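Everything on this sheet refers to the single structure shown next.
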Amino acid sequence: MTTYATNNPIGSMDPKDLFDNAQNLDFALNDIAQAFWKDRFGRFRKSFWGMEQESAAQLLMQQLRFNAFIQNSGYDVIGEYTDGPLTISEYNQLIRYDGELWKLNASTGIHFTTTGNDAASWANDSVHFVSVGDGALRQELLGKRVYAVDFGPAPNGVDLDTDTIQKAIDYVYSLGGGVVDLGPFNWRIGSSSLNEIYDAAGVAVPAAQCGIILRKRVSLIGQKGKTSIFEVDPTLHAIGLVANDGNVLSGFELYSTWNMGVTGAGHGILHLGTQGGADTSCANSVFSDLYVHNVGSYGIGLQVGNPNNVHLSRIRVDTVGADGLDLKARTDVTIDPVGNSVSDVHISNHGLRVTGSAGVDMRGVWHCRGITVTNFGKNAAFNFCGIRFRTKPPSTDLYPYAGAKSTLAGFMVDPYPGAASSELSGIECGSDDVHISLGTIANVKQGVAWVGNANGTPTRCSATGITTKNCALYGFWVGAGIDNIQFSDCFDTGSATGFRIDGTNVAAIGCSGTLVKSIVALPTFIETACRFGAAAVSAERLSDTTVALSAKGTAPDINLRLSPKGTGFISAYGDIRPDAANTRYIGTNSLPWAGGFTQTAFTVTSGARFKTDPLEITDAMLDAAAECPPIQYQLLDRVAAKGPDGARWHFGTIAERLEEAFNRHGLDVRRFAFFCEDYISYKAAVIDEDTGLVLEPEQEEGIRLGVRYEELLMLEAALQRRNYARLLADQETMAARIEKLESLLSKAN
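Quick look at the structure:
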């Protein structure tokens, strides 16, 4: 600190200069907060404390270099278990089985030889092994190491360090990959000076829109709790991760100055492809021990390509404008997005700038555990979601399966204390074969919701060991058109409705809460050992020789009904008898049985003798079908809702055209099962009295025509077979004529 700054030459005896020198010397020797001090000529000098820090950093770098040496003497993969038996002679040797790497556990001695090479032998051998998880991948990726501070001035908290880090990255990249060690420093970055252009799903992204450009096979490593990267411009993407394959990002804090009301939409870490999307790889990479906060869009966004063998663990994301983690699989049909995981992640205060944001948003196959999403929903005008498995994209999408085959085990979602929006979802699932388990969701509009769109609805999904609390609408909701969802050991407390079932083939086992089923859901809904309301049915053991199906509940009298469907019946394999002689009745005076009889059991088979003699499909039928080619059309209710440019196009046929065509050929279309004519009776809308929401829309009275496409397609197949046969006959006739002409020509010659 200089008070007078006379700029008198060195050696001046001016009392003002002597005062400045004494004051500056005091700062140079005794300040333990600043690494630099400014002399009376305005030049920066390193303080004694700064020298101490530099010395400590140098010692640390030497330790890190030694650690890197130790790491480089790591795992050795000796082969596939299925190619065995294999002999393990060192504890750092690994074998590969079922897509994972395994090493001997500490209690197993060497040399150890596996007993076989199949699943049966693995059941015995597996007790001697432990999975190394992503340890082998880390070992491979952390090969060559340089230190960012060797490529420019040490961070001083004032100047930008963008070029220093970039030089280190580019140097390691030129060597074929390795590690850039950030050390225990606080780095400041701005806009990249590189003159390059990258690709984000067809959108050009210049390097200048990013801070650091991290290249393929280059890892960026810090020391958790000691290393930070501060992007000074919230409009920039702090780290542009270009076509990553073999990268580790670990051990640092990444942040900017963005918050609600601040201009800027930069991401924390944004995955990019090379220019024009030539290389969109996102593979064999690890993100761990990261703290990303105060950025205007995604905390971490894997945007292009299909992630493959990508692992995110021990990540904290807070105060972001869009999704906390946005994990996409959408643009590379040649790569299956498998082998990916997310674990031990905490997302908070997300979606501050973009409505519809999720804490974790997933496409592709992701296996997740330990996910916590809290303190979100601050913008009252926005929609928010905690964890989302995406709804299905169009079938023309390069990866049309959204988040199918993903899993989630262990989670907690609670928007409080920050929630202001009423449109809050805990977990949304729009993908097939997703299994969710072991978690709690509280204080949202709907806890776990299975939802579809015009492209399709999810199926074959399960929820196990989940508790929902205080949901404003539903704890668990299976939307209309959704099929085959199973609940097991799920509980709701305090929600307006615990379980709302609008889909088909839904099953609940050992669940508790209030239950509402739509008319559509009722025929196929199954429940076992559940407590839905004040009455329940229980299958229980009374003794070693007796079990019971019992009505349970608070009412003194509860009926137990066995209800077949339609004309189905109740059967018993054994005698039916009362529990005490001469005490029970069958029927009553007002409800007598119509009669009864017995006969010997028989087997019903279905074969040709149960059908009329098969007849050929006539040409008239086929000619009528030929007059009704497939068409494309839009549904009127979708046009009304979305407009002609927003409503999707469908392929199919028009029932009225088929009716007209069959009439022209003297055929009554109503005699054929592919044609449907149903009378629709009037049904009033069902409205939730508490929320005012329309649960089931009004249904108008009228006639509705429809088509069973599978039968119509059989007719179309017959038409094609006939046409093919005619073409084949014409071809054979033509071939015979050509053969005859060739014969005549050969004779003439």
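Here the sequence shown is numbered in the UniProt record's numbering, starting from 1 and rising by one per residue. Here a beta-carbon is modelled for each residue, glycine too, at the ideal position from N, C-alpha and C. Note that the structure is a prediction, hence the values are computed from the model and not measured.
DSSP three-state assignment for residue i, whether helix, strand or coil
i    : result
G666 : coil
G276 : helix
G452 : coil
T464 : strand
R737 : helix
H128 : helix
N589 : Any reading at N589 must be qualified, since the residue scores a pLDDT of 49, below 50, and its modelled position is unreliable; the value itself is stated next. N589: coil per DSSP, three-state reduction.
A420 : coil
T583 : coil
E90  : coil
F151 : helix
A207 : helix
G109 : coil
Q34  : coil
E52  : helix
T459 : strand
Cβ neighbours of residue i in the same chain (closer than 6 Å, five flanking residues each side left out)
i    : result
R531 : S512
R708 : F674
Y4   : K16 and D20
A647 : Q634, R638 and V639
E711 : A673 and F674
D575 : none
F487 : A463, A508 and C511
A168 : V146, A148, F151 and V180
Outcome for residue i when other beta-carbon atoms lying within 10 angstroms are tallied against a minimum of 16
i           : result
W649        : exposed
K611        : exposed
T468        : buried
S297        : buried
P630        : exposed
residue 812 : A query on residue 812 cannot be resolved here, the shown segment of the chain reaching from 1 to 749 and no further.
E527        : buried
D125        : buried
T567        : exposed
N589        : For N589, the predicted model reports a pLDDT of 49, less than 50, meaning its position is unreliable and no value from the coordinates is stated.
K328        : buried
M734        : exposed
S681        : exposed
I10         : exposed
Y585        : exposed
T394        : Checking the displayed sequence, the identity of residue 394 turns out to be Pro instead of Thr. Exposed, by the Cβ-count rule.
S47         : buried
D579        : exposed
T504        : buried
A106        : exposed
Beta-carbon contacts of residue i that lie in its chain and below 7 Å, excluding the five residues immediately before and after
i    : result
K224 : G251 and D289
L220 : V180, L182, L214 and L249
A736 : none
V694 : A685 and I687
Anticipated Cβ contact below 8 Å, residue i with residue j, distance rounded
i           : j    : result
L398        : D332 : 7 Å
E100        : S131 : 5 Å
F389        : M412 : About 17 Å separates the two Cβ atoms, so there is no contact after all.
I165        : I212 : 5 Å
L272        : V242 : 5 Å
G356        : N383 : 5 Å
C385        : A358 : 4 Å
G479        : A449 : 7 Å
S422        : Y401 : No, S422 and Y401 are not in contact; Cβ-Cβ is about 32 Å, not under 8 Å.
T457        : G426 : Rounded, the Cβ-Cβ distance is 19 Å, inconsistent with contact.
L424        : P415 : 5 Å
G447        : Y474 : 7 Å
residue 750 : A521 : Outside the displayed range of the chain (1 to 749) lies residue 750, so it cannot be described from this structure.
Same chain only: Cβ atoms within 8 Å of residue i, ignoring 5 sequence neighbours per side
i           : result
E80         : I95, R96 and Y97
N259        : N294, T319 and L352
residue 800 : Since the displayed the chain opens at 1 and closes at 749, residue 800 lies outside it and no answer follows.
F112        : T87, I88, L104 and H128
R115        : Before going on, a small fix: residue 115 reads as Thr here, not Arg. Cβ within range, chain order: P85, S121, N124 and D125.
E716        : A625
Subject >> Entirely enclosed beta strand (DSSP E) segments - the segment 477 to 542, minimum 3 residues >> reply: 483 to 488, 491 to 493, 497 to 501, 507 to 509, 515 to 517 and 526 to 528, all fully within the segment 477 to 542.
**OP:** Run through the UniProt domain "Peptidase S74" (606 to 734) for me and flag every whole alpha helix (DSSP H) of 4 or more residues, listed as ranges in chain order.
**Re:** Entirely contained in the UniProt domain "Peptidase S74" (606 to 734), the alpha helix (DSSP H) runs reaching 4 residues are, in chain order, 619 to 626, 636 to 642 and 655 to 664.
Original post:
Where are the beta strand (DSSP E) runs, 3 residues long or more, that stay fully inside the segment 282 to 338, in chain order?
Top reply: 283 to 295, 300 to 302, 308 to 320 and 325 to 327
Subject >> Every unbroken beta strand (DSSP E) inside the segment 225 to 278 [3 residues or more] >> reply: 228 to 231, 237 to 242, 248 to 255 and 269 to 272
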